[in-house]
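Peer 1:
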Amino acid sequence: MGDPNHFADSSPPIPVRGQSLTSFVTPKPRETFPSFLGRVAASRGVSVLEYTRDLGVQFRNILELPDVMREGLLKWANLSVPQMDEMLSWTGIRSGDIKITYRGETFGSRSLRSPTVRGCPVCLRQDMSVDGTAAELMALRGHWQFRDCVTCIEHGHLLVPLWSHDIVKVRLDSAAQFQQLAQRIQSQELDMPRIALAPYDHWLEARLMGQKDQNWIDEFSIDTVTTVSRLLGAKIIGHSLTDLKQDVGLLRTALVAGFSTLQAGPDGFRAALEQLAAGKASAAGELRSVYGDLYTRLGHDLGGQPSFDPFRDIMRAVIMGSWPFPEGEVILGTRFEKRYTHSVTTAAVQVNIRADKMAALLVEAGAIEADDPRPLGRQLFSAEKFAPFLEDVANLVGQSAMRQAIGATRKEFEILVREGLLRPRTQIKELRQPWLIRDGQEFVEKLYDIAVPGVDPADDAWARLVSITVSKRVTLSNLVGAALSGAIQIGLIEGEVGFHAIRALTASVDKWIAEVRLNTEEGQLMAASLSLAEFGRAVGIREMSDLTALISLGIISATEVVNPLSRKRQWRVKKDDIRDFRAKFTTVGMLAEETGQSPNVVGAAIRRAKIAPYSVQNVTFRNLWPRERLMELKY
């Protein structure tokens, strides 16, 4: 490191070409410390190696910025402390083993220290616009050393490789390098076509100058944003990081593409990841093929850096939502204790069912779309949301097991299903096991909760529910509803189990039926009217087709009602409508009743009189005549 008192006893640097001792080199904007040191040495007519040795340090250690060298340079180069601080901020100061403090932020050392030195040939040519040698005039700018700075924003020129060397003291001796490179720079040999600046270029320039906006990306460090932009952009444009290292144009294209995505905020980053994942089958070990170095770097190289956690969190969520990884899978350093996503295929394996049947069930449940063109292994749904559904599917049984579980005969079971008291969990005909035992057991338990136990099997006051539906012409669903509401009393036969053991007290059923007929609008209408069959018998028209035709043609008035007990729709003919019909029309049966003649005598008289039956709209009613036409009939 040298003696701290070295500068007090040393002679001042040797001036060159008659230069006075009071003539000093001044730092150029953004110039790095090694560059400035080299220009100072060149202005004194010595090499930078000699100059640093004169300062008491070894040149290869200048990036360590020893205090003795800073103090000596402040004195000999006539620098102010603010000038020195500004220069060091553009150079970068080591902060730990692999970190560098640069422009007030922390960067990975690889972001700023590279064997290849880059620069803008236009800037360097402008440096030579005054009198002096290239070693004295050409300066390296601090932003050129940042890996993800690829454009000179002043000239719209890509930063080009100037020289490359693995030996630090050779690489940092910019004065010597520029002296050799000057002719090529002056001849524009290193120039490239100018480019239009992108939002990325302007953003990076602003951030390097300490300017921030109130947006998502400015919540992160420069190094974090540019690293993610580069890694994501490389995958977006379809190139590897090796390609980017070899072609600055590709590097800039990747940075611009990735940054453009991040500008849209977390939703933009998420959408880009989802788009990359779309349609691609992958296991955990193959995620690199989907996301490239973005996945491997976030999961490994950058795994210990908290600044990348928000990006990892978003990526992890997208991955878990895009592939059906099981619980216990490690994604980006985090082990998952539960499954987040299922595919049709993994769900089918879990519940031991064919994948095509599983797909049909999931469509029915609303978990997937019927027209999804993707393979079953890529059709995904929320594992958590549909976990109860999958559990139910795993427990589905066939009809025989369901009947046995609820204690119902085949006939009882068929009626329970037909009337909707028991519903299969799926309408898929190909699935022979659509029943969930729990549904049937819960239904029977509700009835058991209100049933009187210990009914004697020989007691005729009680009857099976199915038997009552036939004898009383009521639906089983109405009977069950009445029982659950307390309108009828049910009991359990000793020695029997399940639904078949349930009986209803017939007296309570009769009372309930009477109340329904009395207290409902439909029941009251039915009490004051005849069914269509009853009306037909009353007037002597037996054919149901003739009766319905009379209604459709408006010859008789009828009202369609729903029987409150059987829940069947039926036509009812009111007494006033029957009276009106009798006044206008007659039949053989009606005339026989009115005249006291036999139906055969009445029929023979009509045939002798050759009176045609009633016909309207090409419909002939063989046993119906307008009453007025048969008033003078002779018997």
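Whatever position you read off the sequence shown (first residue = 1), add 638 for the numbering used here. Built from N, CA and C at the ideal position, the CB exists for glycine as well.
1. Applying the 10 Å Cβ sphere with the 16-neighbour rule, what's the burial state of Q815?
2. Mind checking who A739 pairs with in its DSSP beta bridge?
3. Which of the three DSSP states is assigned to V684 in this structure?
4. How is the alpha helix (DSSP H) around K1213 delimited, first residue to last?
5. When the distance is taken between beta carbons, is S802 closer than 8 Å to A753?
6. Do the CB positions of L869 and R935 come within less than 8 Å of each other?
7. According to DSSP, is C790 part of a helix, a strand, or is it coil?
8. Restricting to Cα atoms, I'd like to know which of R1063, Q1042, I860, E967 is closest to A998.
9. In terms of residue numbering, what span does the beta strand (DSSP E) encompassing H840 cover?
10. Residue range of the beta strand (DSSP E) that E1198 falls in?
11. Assuming D586 contacts S749 under a Cβ cut-off of 8 Å, what Cβ separation, rounded to an integer in Å, is found between them?
12. Checking 8 Å against the spacing of the C-beta atoms, do I1088 and L1122 come in under that value?
13. Could you give the first and the last residue of the continuous alpha helix (DSSP H) run that contains L925?
14. Can you tell which of T739, V1031, T864 has the C-alpha that lies nearest to the C-alpha of W728?
15. At which residues does the alpha helix (DSSP H) containing P1091 begin and terminate?
16. Select from A1142, G1136, D769 the residue whose C-alpha is nearest the C-alpha of Q1127.
17. Can you tell me the Cα-Cα spacing of L1191 and V1055, whole angstroms?
18. Where K636 and N1033 are concerned, what is the direct C-alpha to C-alpha distance, given to the nearest angstrom?
19. Let me know the secondary structure DSSP gives G971 once reduced to three states.
20. Going by alpha carbons, who is nearest to G1058 out of A1101, G1119, R1267, W1100?
21. From the DSSP secondary-structure annotation, give me the bridge partner or partners of E669.
22. Is T1225 near I1179, with beta carbons less than 8 Å apart?
23. Name the two residues that bound the continuous alpha helix (DSSP H) containing T984.
24. Tell me whether V684 counts as near the ligand FAD, meaning its Cβ is closer than 7 Å to at least one heavy atom of that ligand.
25. Is DSSP giving H938 helix, strand or coil here?
26. Hey, could you find the ends of the alpha helix (DSSP H) S752 is sitting in?
27. Evaluate contact between the stretch 1192 to 1200 and the stretch 1212 to 1225, counting only Cβ atoms and requiring at least three cross-stretch pairs below 8 Å.
28. Roughly how many angstroms lie between the CA atoms of S767 and I855, to the nearest whole one?
29. Any idea what DSSP makes of W854, helix, strand or coil?
30. When burial is assigned at 16 or more other CB atoms within 10 Å of the CB, is T1186 buried or exposed?
31. Please list, in chain order, all residues of the same chain as K1324 whose beta carbon is under 8 Å from its beta carbon, the five residues on each side excluded.
32. Just to confirm the assignment: which complete beta strand (DSSP E) runs, minimum length 3, are found wholly within the stretch 990 to 1033?
33. According to DSSP, is L1235 helix, strand or coil?
34. Rounding to the nearest angstrom, what Cα-Cα distance links R668 and E688 in this structure?
35. Can you give me the start and stop residues for the alpha helix (DSSP H) that A1171 sits inside?
36. Where does Q1065 sit, in a helix, a strand or coil, going by DSSP?
Peer 2: From the atom records:
1. buried
2. The amino acid occupying residue 739 in the given sequence is Thr; Ala does not appear at that position. Answer by DSSP bridge pairing, in chain order: I731, T744.
3. coil
4. The continuous alpha helix (DSSP H) containing K1213 extends over residues 1213 to 1222.
5. Going by the sequence as given, residue 753 is Pro instead of Ala. Contact flag set, yes.
6. Yes, they are a contact pair.
7. strand
8. R1063
9. From DSSP, H840 is part of no beta strand (DSSP E) but of the alpha helix (DSSP H) over 837 to 846.
10. 1197 to 1200
11. Here the chain has residues from 639 to 1273 only, and residue 586 is not among them.
12. yes
13. 925 to 929
14. T739
15. No alpha helix (DSSP H) holds P1091; the beta strand (DSSP E) holding it covers 1090 to 1093.
16. Nearest option by C-alpha distance: A1142.
17. The alpha-carbon atoms of L1191 and V1055 are separated by roughly 38 Å.
18. There is no way to answer for residue 636, as the model of the chain reaches only from 639 to 1273.
19. coil
20. G1119
21. R779
22. yes
23. 982 to 989
24. Summarising the ligand content, the structure contains no ligands, and the ligand FAD is consequently not present.
25. Looking at H938 - three-state DSSP - the assignment turns out to be helix.
26. Where S752 is concerned, there is no enclosing alpha helix (DSSP H), given that its DSSP letter is neither H nor E.
27. yes
28. Cα-Cα distance, rounded: 39 Å.
29. coil
30. T1186 comes out exposed.
31. Residue 1324 lies beyond the residue range present for the chain, which begins at 639 and ends at 1273; the question has no answer from this structure.
32. Listed in chain order, the complete beta strand (DSSP E) runs (minimum 3 residues) inside the stretch 990 to 1033 are 1018 to 1020.
33. First, the residue type needs correcting, since residue 1235 is Gln and not Leu in the sequence shown. Coil at Q1235, not helix or strand.
34. 25 Å
35. 1170 to 1177
36. coil
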